[in-house]
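In what follows, a structure is listed as structure tokens, so that the remarks can point back to it.
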């Protein structure tokens, strides 16, 4: 399911269910990468004949210079009301550099990466991982070399920013193409974290498994999280929408 709707089962069956929430938005200016949407895998769930409600989470908003309000937002939850299948929690928003407001990274399915000089946020147990910390200070001869941390992914924590302006990479997602086929926006891989943004330095953070690459300070030239992957937004970019996949006849 790529958008919210209904799932109708005609017979009693076992099924495998994958639920991925929307990814968090990337942070303002030298911001972190958005946390991936929470990922829930429930194997051999039981369904009876009937109709089930499917809700697909939206990706959070990424923000950059000149936008008002400047605060990025978390992704929203995804769910299907099959007994025993947990709701996937929306990805945490990234931290952003706003001097007049404490724009901290937010927890979620996976946690958002911290802006420069800021700690990351944690993920939800069983659904994702923490983001990476932003760099504490400019490095080398260029005092303006700063980087944001990568957002957490379902398969691992987000990378921290380096001391010389290298932004952190997004945490890895998970590959379920063998179970569900090449569905979704990243061909069966889901819930990677977004890469952090940087100012100065040499490299933005890379996204993973639907997570977007980060931006150069104030440019929003990075990548949004992939549609229907639950990927976190790269620094300054939007998170990706979630997905629900049901495979009937599971053994």
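Numbering (the working numbering), first residue to last: 24 to 274.
Using N, Cα and C, we set each Cβ at its ideal position, and we do this for glycine too.
Just so it is clear, the structure is predicted and the values come from calculations on it, not from any experiment.
#1: Which one or two residues does DSSP pair with residue 39 in a beta bridge?
#2: Helix, strand or coil: how does DSSP classify residue 212 here?
#3: Taking residue 65 as the reference, give the member of 179, 246, 86, 41 with the closest Cα.
#4: With respect to the alpha helix (DSSP H) encompassing residue 202, which residues constitute its N-terminal and C-terminal limits?
#5: Compute the Euclidean distance between the alpha carbons of residue 80 and residue 32, then round it to the nearest angstrom.
#6: Quick check on residue 71: buried or exposed, where buried means 16 or more other Cβ atoms within 10 Å of its Cβ?
#7: Which residues does DSSP pair with residue 76 in a beta bridge?
#8: Give the single residue among 146, 142, 127 whose Cα lies nearest to the Cα of residue 134.
#9: Comparing alpha-carbon positions, which option in 203, 198, 226 lies nearest residue 191?
#10: Taking the alpha-carbon of residue 158 as reference, which of 50, 84, 98, 187 has the nearest alpha-carbon?
#11: Can you tell me which of the three DSSP states residue 221 falls into?
#12: Is residue 231 helix, strand or coil when you go by DSSP?
#13: Closer than 8 Å: is that where the CB of residue 247 sits relative to any heavy atom of the ligand FMN?
#14: Below 6 Å CB to CB, which residues in the same chain sit around residue 155 once its five sequence neighbours on both sides are set aside?
#15: Kindly indicate which residue of 55, 195, 25, 37 has the alpha-carbon position closest to the one of residue 221.
#16: How big is the Cα-Cα spacing for residue 120 and residue 218?
#17: Going straight from the alpha carbon of residue 231 to that of residue 111, what length do you get?
#18: Going by C-alpha distance, which of 170, 86, 199 is nearest residue 252?
#19: At what residue ranges does the segment 56-102 contain a whole run of the alpha helix (DSSP H), taking only runs of 4 or more?
#20: Going by alpha carbons, who is nearest to residue 270 out of 60, 204, 88, 129?
#21: I'd like the ranges of any beta strand (DSSP E) spanning at least 3 consecutive residues and lying wholly in the segment 136-201.
In short, the structure shows the following:
#1: In the chain shown, the residue the question calls residue 39 occupies position 16. DSSP lists 270 as partners of residue 39.
#2: On the chain shown, residue 212 is found 189 positions in, with the first residue counted as 1. Here residue 212 sits in strand by DSSP.
#3: One-based indexing of the chain shown puts residue 65 at position 42. The residue with the shortest Cα to Cα distance from residue 65 is 41.
#4: As a first step, residue 202 must be located in the chain shown, where it is residue number 179. Taken as a continuous stretch (DSSP letters only), the alpha helix (DSSP H) holding residue 202 covers 200-203.
#5: For the purposes of this step, residue 80 is taken as residue 57 along the chain shown, with counting starting at 1. For the purposes of this step, residue 32 is taken as residue 9 along the chain shown, with counting starting at 1. Rounded to the nearest angstrom, the two C-alpha atoms are 22 Å apart.
#6: Mapped onto the chain shown, residue 71 falls at position 48. By the neighbour-count rule (16 or more Cβ atoms within 10 Å), residue 71 is not buried but exposed.
#7: For the purposes of this step, residue 76 is identified with residue 53 of the chain shown, where counting begins at 1. 29.
#8: The residue labelled residue 134 in the question sits at position 111 within the chain shown. The shortest Cα separation from residue 134 among 146, 142, 127 belongs to 146.
#9: Along the chain shown, read from residue 1 onward, the residue named residue 191 stands at position 168. When each option's Cα is compared against that of residue 191, the closest is 226.
#10: Taking the first residue of the chain shown as 1, we reach residue 158 at position 135. Nearest C-alpha to residue 158: 187.
#11: Within the chain shown, residue 221 is the residue found at index 198, counting from 1. It is a strand residue.
#12: Residue mapping note: residue 231 aligns to position 208 of the chain shown, counting from 1. Residue 231 falls in the coil class under three-state DSSP.
#13: The ligand FMN is absent from the structure shown, which contains no ligands of any kind.
#14: The sequence position of residue 155 within the chain shown is 132, counting from 1. So the qualifying residues of the chain are 136, 143, 172, 173, 181, 182, 183, 191.
#15: Position 198 of the chain shown, counted from the first residue, corresponds to residue 221. Ranking the options by Cα distance to residue 221, first place goes to 55.
#16: As a position in the chain shown, residue 120 is number 97, starting the count at 1. As a position in the chain shown, residue 218 is number 195, starting the count at 1. Approximately 16 Å between the Cα atoms of the pair.
#17: Start at 1 with the first residue of the chain shown, and residue 231 comes out as number 208. Start at 1 with the first residue of the chain shown, and residue 111 comes out as number 88. Those two C-alpha atoms are separated by around 19 Å.
#18: Mapped onto the chain shown, residue 252 falls at position 229. For the residues 170, 86, 199, the minimum Cα distance to residue 252 belongs to 199.
#19: none
#20: Along the chain shown, one-based indexing puts residue 270 at 247. When only C-alpha atoms are compared, the closest one is 204.
#21: none
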